[in-house]
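What follows is a short report on a single structure.
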Amino acid sequence: MNEPQIRNGALVTALVIAFALLGPWLAPQGSTDMVGPVYGAPTGSAWLGYDFLGHDVLSRLLNGGLSVLWMSVAAASIALAIGSTLGLLAGLSRRRLDQLITWSADVSLAFPDLILVLLIVSMLGRAPWLIVLTVSIAFIPGVIRLARASAVAVAGQEFVEAAQMMGYSRRRILFKEILPNILTPLLVHFGNMLTWGVGMLSGLSFLGYGVAPPTADWGLMINENQAGLLVQPWAVLAPAILIGVFAYGTNILAEGIGRRSARMGDKQP
Amino acid sequence: MSEPSCKSPRTPAWLSWFIGRLGYGLLTAWVISLVVFIATQALPSDPARVILGPDAPLESILTLQHQLGLDQPILWQYLRWFGSALSGDLGESLDSNAPVSDILWGRLGYTLVLLTGVILVVVPAALALGVALALRRDSRLDRWSLSLLIFLKATPGFLLAIGLVLLFSMPHMDWLPAVSILDPDQSLLRQLKFLVLPVLALSLTALPYLTRMVRAAMIEALDSDYVVAARLRGIPYRRIVWGHTLPNALVPAIQGVALTLRTLIGGAVLAEVIFSYPGIGTALNAAIQMRDLPMIQAIVLVITLAVVLINLLADLLTVLLTPKLRTARRVTMIQRNRRGITPWWRRSRGDA
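Chains as they are written, first to last, in this note's numbering: chain D, 6 to 274; chain P, 20 to 371.
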């Protein structure tokens, strides 16, 4: 933990998560109650002013984090689980299966992330679990390629050959020799996926394909209040800053983990 | 005389690789067209109902389905669509009844101008910044720039765009329009100021990745033996950097640009919507909201084909610019096990 980037990244990420988790209890008003003037300026009772329908911005802010956060964490986790399994399978199986998986990943990589997500969400609807699944589908090819490349690189090293010659079982080689060594790049990628996931999910809500309107959601808040950007900038800025801070925190965390592993790699001859 | 192949103009060594790669790209493109068609057509969304509205009687929907050929088997529908797509006919837009290809070509031009602008800004900027940071490695400038780049990389692209709008739509800074409402009758070159903010927003999202890639590649090249050898020979440092290490650092940057373009196309959708730029992204957004299936199919198809083409070009450039790959009879980009021991998972059953 002597890497300051890891400490700062974890701290920032944890703060935003705490804000989103505790927010619903702390909100002074209901997230859908119209309590003030449309685009009302910040006052003593409403620190961040009112939005396009007269909701209290702070209350919506406190309520609106949870959806973006759990969805991005879920999407990144699903992508990590499925992608690394497929990637390991590709890297460690016979050529035919390897080619099939790699090629499928290549084909799906031809769809830019957001286009793929837009395509599926627009066709199938916008239930939250569907969006999570869709975003994770967009992430899976990247994980497959990373896991496969790392597994192939590790599998060619001496200690794996040694384990192979000592007659260890495949399961043991996979879980004790290969998996621990590809964990770091996967973890870094997980942090990056959280960053992208938050961006993509809030971007989806911003375009109007995410969470349905009356619900409070950071991305949706930006979309709703964009027209009043000049009158009441806080209604857009506050959720934008929180999304940005969370994305920044997860990214710093990923950078830190990557940098620490690079440094440890330097020390080991 | 014994080697006639030396006399006749030889085919370049990389040509056989390229033909294989081209076939791979074509196969990928075909599978993509299948995926796009099935994803849009086979899913529960009925174009006939979209055209006639939710209250239309069942009979007229069935009639229209018959007219559109929607009651035929899905494979037949695909073949018909694929055949006409090959000849450039992408069907008619359900929304405006105009041929999809007409709408698409106009929009595509705008997006191409936008992306070209971004590449023209980002690539020189990333090269200059990357080389500068690599030469001043671990200095204060290097560390501050890297922090700033991490910040740019982390911030979602549409937030950057909104930030720019906020910054430039303030009353005292109204010299740049925040919304790109282009006049279709005028040439785009006369309306360049509408391009500034979208290009800037997209460039900022693409800059961090490329800069860091150039920086890393430059650092690796500067640490290599040939730089030491060149310095020992007394070649000026400036010449080593620009004449020897930069060309070597450029090759990975080509793949980086290809990857950047892929993410840029996705980011362009959001940026175009934010700035109301009349490109392919706003068209896709509108088509999805109108459930305009032929339009969605065409746009997604064009975008994915563009990505396949970009990857193909990047691979070709990489091979052409790397002498070792260019002259190799067999191009393999996969690393082999150093000692040639076949691991158990590569062995076929017979070897044991």
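Idealized CB from N, CA, C, for every residue including glycine. These figures come from a predicted structure and were not determined experimentally.
Spatial neighbours of D118 (chain D) in its own chain (CB-CB distance under 6 Å, excluding positions within 5 residues in sequence) are listed in chain order as A143. The DSSP-derived three-state label of P42 (chain D) is coil.
Under the Cβ criterion (8 Å, minimum of three pairs), the region 256 to 270 of chain D does not count as touching the region 231 to 241 of chain D. With a contact defined as Cβ atoms closer than 8 Å, A80 (chain D) and V140 (chain D) qualify at about 4 Å. In this structure, the straight-line span from the alpha carbon of G298 (chain P) to that of Y129 (chain P) is close to 5 Å. A221 (chain D) sits close to R65 (chain D), with the two beta carbons spaced by under 7 Å. Within the same chain, and ignoring the five residues on either side of F56 (chain P) in sequence, the residues whose Cβ sits closer than 7 Å to its Cβ are Y97, W100 and Q316. For D161 (chain P), the three-state secondary structure derived from DSSP is helix. Cβ contact annotation for S155 (chain D) (same chain, cutoff 7 Å, sequence separation greater than five): I187 and P190, in chain order.
Only residues of its own chain outside the window of five on either side were considered, and among them V216, D222, G224 and L225 have a CB closer than 6 Å to the CB of S210 (chain D), listed in chain order. For F177 (chain P), the closest Cβ of chain D is nearer than 7 Å. Excluding residues up to 5 positions away in sequence, S112, S115, A302 and M314 lie with their Cβ nearer than 8 Å to the Cβ of I122 (chain P) in the same chain. Sequence-ordered contacts of the region 259 to 291 of chain P with chain D read R281, T282, I284, G285, G286, V288 and L289 [C-beta pairs closer than 8 Å]. Against chain D, the CB of A117 (chain P) has no partner CB under 7 Å away; the residue lies outside that interface. Annotation: A302 (chain P) has no Cβ neighbours in chain D at a cutoff of 9 Å; minimum Cβ distance is about 12 Å. For a Cβ distance threshold of 7 Å, residue set M128 of chain D lies close to T59 (chain P), ordered along the chain. Around I307 (chain P), the beta-carbon contacts reaching into chain D at under 7 Å are L123 and S127. At least one CB atom of chain P sits nearer than 7 Å to the CB of P117 (chain D). A Cβ-Cβ distance of about 7 Å is found for the pair V321 (chain P) and L127 (chain P), placing them in contact under the 8 Å criterion.
For E111 (chain P), the pairing in a beta bridge is given by DSSP as P:P118. With respect to the C-alpha of V292 (chain P), the residue from D:H194, D:G208 and D:W108 having the closest C-alpha is D:G208. For the region 225 to 248 of chain D, the residues whose beta carbon sits under 8 Å from a beta carbon of chain P are, in order, I227, Q231, L234, L235, P238, V241, L242, A245 and I248. Counting along the chain, R250 (chain P) sits inside the alpha helix (DSSP H) bounded by residues D244 to L251.
Within the region 84 to 100 of chain D, G96, L97, S98, R99 and R100 place their CB atoms closer than 9 Å to a CB of chain P, listed in sequence order. S106 (chain P) and L139 (chain P) have their C-alpha atoms spaced approximately 33 Å apart.
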